[in-house]
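Structure first, then comments.
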């Protein structure tokens, strides 16, 4: 009997020692990863919950879906619309977009009041052929309600492999909601358009739709074309411009922003990267148009021009996206799109969540019969040119 008790005692001691060693090993492992005791306990809580759900829940569960949901939940607690979890399908769509092999449908979308609205339909595109119209609200994409996903995810859902179909549920004033099947195709997009405005005595107009790889070159061509036409002042239209490449924005800033800082990018640890303009002399007076869908890189350009006094800003308060995102690949063909830094204008303003306030506020006409914002921009420019003329001796 005594031998049996001794054997049980030894056995229990071995088990206890193993448990202690296991816990010590786990704590040591997470300590090496930079986790303190509380973080280690939290990780163990997570794995405990995962194990209970996997083994005790009444129905079968998909392990991968559990992990995907957990990661997505973590990102959503950040309360940052620009940080999202990209599951393998979404990540592949984003990579295809980045690599230029995606197909589009030929619409420009705006995001306002939690609604996805068609701002314009490009001529000769699948959307025009399908009957999509300016002003339509997109309420679902392939059955997924747009109010349940982030705006950037809506874009990724609409884009896809060339030749495939996407179903857009459209809400149109005075009509019942209707599904439109649109076939994706290669969409040729020019991001810059310029012209001399008629009957304005020398006012040029340049529209920048977004900041892509070729935008700076397109802007330079439009800028020089206006110079050849005898331009006296320029209106730069950044309305409905969702942003894009900061490098493209800075390249354009080098043509219009006075010498000095254009934007500073500041990370969590205080690391600062500053982009500068080398422009030695401003050639023309400028007016910039913005609205609630002018975001990111377009706000950088507008903010730099406003802070330096190089332009008068006309329109509405901009979107307020003053942050930098990067794609961080995970380990199962998925990734995180995570905000890692914020933009600051030359004066040190953060526009994140607040946007750029116009110098001259003009609301658009409800029926869109007249572009009253552009008309006001022309009036402001005429005033600038009259002032310049008055100073000539």
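Numbering (full-length UniProt numbering), first residue to last: 1 to 393. All C-beta atoms in this analysis are idealised placements derived from N, C-alpha and C, irrespective of residue type, glycine included.
> What are the boundary residues of the alpha helix (DSSP H) that includes residue 184?
Replying inline: Counting along the chain, residue 184 falls outside any alpha helix (DSSP H), and DSSP gives it neither H nor E.
>> For residue 312, list the residues DSSP reports as bridge partners.
In response: 287
>> Going by the DSSP bridge assignment, what does residue 179 pair with across the sheet?
In response: 169
> Of the residues 203, 318, 80, 250, which one's Cα is nearest the Cα of residue 265?
Replying inline: 250
> Based on the DSSP secondary-structure assignment, which residues constitute the bridge partners of residue 86?
Replying inline: 335
>> Considering only DSSP beta bridges, list what residue 120 is partnered with.
In response: 108
> Under the rule that 16 or more other beta-carbon atoms within 10 Å means buried, what is residue 273, buried or exposed?
Replying inline: exposed
> Would you say residue 200 touches the ligand MG, meaning its beta carbon is less than 8 Å from a heavy atom?
Replying inline: Within the structure as shown, the ligand MG is missing, as the structure has no ligands at all.
> Counting pairs of Cβ atoms below 8 Å between the stretch 72-86 and the stretch 322-339, do you hit three or more?
Replying inline: yes
>> With DSSP as the reference, identify every bridge partner of residue 276, one or two as the case may be.
In response: 261
> Is residue 250 close to chain C, meaning its C-beta is less than 9 Å from at least one C-beta of that chain?
Replying inline: Checking the listed chains, one finds no chain C in this structure; it contains a single protein chain.
> Quick one: what's residue 126 bridged to in DSSP?
Replying inline: Paired residue(s): none; residue 126 is not in a bridge.
>> Suppose the cutoff is 6 Å on Cβ atoms and the five residues either side in sequence are ignored; what does the same chain contact list for residue 167 look like?
In response: 142, 179, 181
>> Can you tell me whether residue 193 is helix, strand or coil according to DSSP?
In response: strand
> Can you tell which of 150, 308, 371 has its C-alpha closest to the C-alpha of residue 258?
Replying inline: 308
>> Measuring only the C-alpha atoms, how far is residue 365 from residue 372?
In response: 7 Å
>> If the criterion is Cβ atoms closer than 9 Å, does the pair residue 322 and residue 342 meet it?
In response: yes
> My guess is that residue 314 and residue 184 are in contact by the Cβ rule of under 8 Å, so how many angstroms apart are they, rounded?
Replying inline: Contact flag wrong, Cβ pair sits at about 36 Å.
> Where does residue 317 sit, in a helix, a strand or coil, going by DSSP?
Replying inline: coil
>> Closer than 8 Å is the cut-off here; do at least three beta carbon pairs connect the stretch 108-118 with the stretch 145-163?
In response: yes
>> For residue 361 and residue 316, I'd like the C-alpha separation in whole angstroms.
In response: 6 Å
>> Tell me which residues share the same chain as residue 329 and place their Cβ nearer than 6 Å to its Cβ, disregarding the 5 neighbours each side in the sequence.
In response: 335
> Does the Cβ of residue 280 have 16 or more other Cβ atoms within 10 Å, making it buried, or fewer, making it exposed?
Replying inline: exposed
>> Starting from residue 307, trace the alpha helix (DSSP H) in both directions and tell me its first and last residue.
In response: 297-307
> The alpha helix (DSSP H) with residue 140 in it runs from where to where?
Replying inline: Element bounds for residue 140: not the alpha helix (DSSP H) but the beta strand (DSSP E), 137-141.
> By how many angstroms is the C-alpha of residue 66 removed from the C-alpha of residue 49?
Replying inline: 11 Å
> Who are the near neighbours of residue 22 in its chain, counting only those whose CB is closer than 7 Å to its CB and skipping five residues on each side?
Replying inline: The predicted position of residue 22 is uncertain, since its pLDDT is 49 and thus under 50; a value taken from the coordinates is nonetheless stated next. Cβ neighbours of residue 22 beyond the five flanking positions: none.
> Measuring CB to CB, does residue 216 end up less than 9 Å from residue 194?
Replying inline: no
> Quick one: any contact between the stretch 235-246 and the stretch 288-296, if contact means 3 or more CB pairs under 8 Å?
Replying inline: yes
> For residue 255 versus residue 223, is the C-beta distance shorter than 9 Å?
Replying inline: yes
> Between the C-alpha atoms of residue 300 and residue 282, what's the straight-line distance to the nearest angstrom?
Replying inline: 18 Å
> Where does residue 347 land, buried or exposed, given buried means 16+ other C-beta within 10 angstroms?
Replying inline: exposed
> Where DSSP assigns a beta bridge to residue 144, which residues make up the other side?
Replying inline: 141
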